[in-house]
Amino acid sequence: MRIADDCVVTLAYTLRDDAGEELDSATAADPFAFVHGRHSVIPGLEKALTGRAAGDKLGLTIAPADAYGEHSPARVQVVPRDRFPADIDIEPGMQFHASDEHGGRMSVRVAEVNEDGVVIDANHPLAGQTLHFAVEVLDVRAATAEELAHGHVHGAGGHHH
Ligand SMILES: [Zn+2]
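See below:
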């Protein structure tokens, strides 16, 4: 069958950035499965997979707009060092949970520590990046009623509960 909305798609893939650095992967032995058409993967991947079938192999280059969005400078801010616990070494790459302006929780990353304070970045870590996927479609099947109700895949490559 061909990939369409409400199919369970099982993939092996390798994801690389523009520099060729591997960011993520899934193998045939430990695949990734998702319900197609539910925005559970980035738009560029969903678009490229629509109409494909098991056995298809794709090489994809996905621009930020179809991946995790552009990097927004508005989501980067400098926080005084004394707003963080004194006994913790604050280093680039550390992640914190913070409250956003609506009282929601968001994940922020330390981008840099300088004389002005701690530069934190609330953009998705892959925002602004062009992504390169090598994808193999391993399996395509109709989702079960239970999977559609839960919005995720059960079994291989999905949730176990
Ligand atoms: Zn479930």
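First residue of the sequence shown: 1, per full-length UniProt numbering; consecutive thereafter. Note that beta-carbon positions come from the ideal geometry of N, C-alpha and C, so glycine has one too.
Rounded Cβ spacing between residue i and residue j (contact assumed at less than 8 Å)
i	j	result
E136	K57	5 Å
E71	G155	Before going further, note that residue 71 is His rather than Glu in the sequence given. About 36 Å; that fails the 8 Å criterion.
V110	A98	The pair is not a contact, with the Cβ atoms about 11 Å apart (cut-off 8 Å).
C7	A142	6 Å
I3	H36	6 Å
Same chain only: Cβ atoms within 8 Å of residue i, ignoring 5 sequence neighbours per side
i	result
R81	I90, V113, G117 and V118
A28	A12, E136 and L138
H150	H159
A63	G44 and T130
Contacting residues, own chain, Cβ-Cβ under 6 Å from residue i (five flanking each side not counted)
i	result
F32	L11, A26 and G157
H124	Y68
D18	T130
L49	I3
Same chain only: Cβ atoms within 7 Å of residue i, ignoring 5 sequence neighbours per side
i	result
P43	D66
F84	I90 and V118
G55	V137
V41	F34
Closest Cα partner of residue i within the set the options
i	options	result
V78	A53, I88, G103 and I120	I120
G59	R52, R105, F133 and E101	F133
A74	H152, M94 and D100	D100
A122	D5, V76, D24 and G51	V76
L126	H150, F96 and R16	R16
V140	G20, R52 and E147	R52
Item to check | Quiz: which residues have CB nearer than 6 Å to ligand 1 non-hydrogen atoms | outcome: Result (chain order): H150, H152, H154, H159 and H161.
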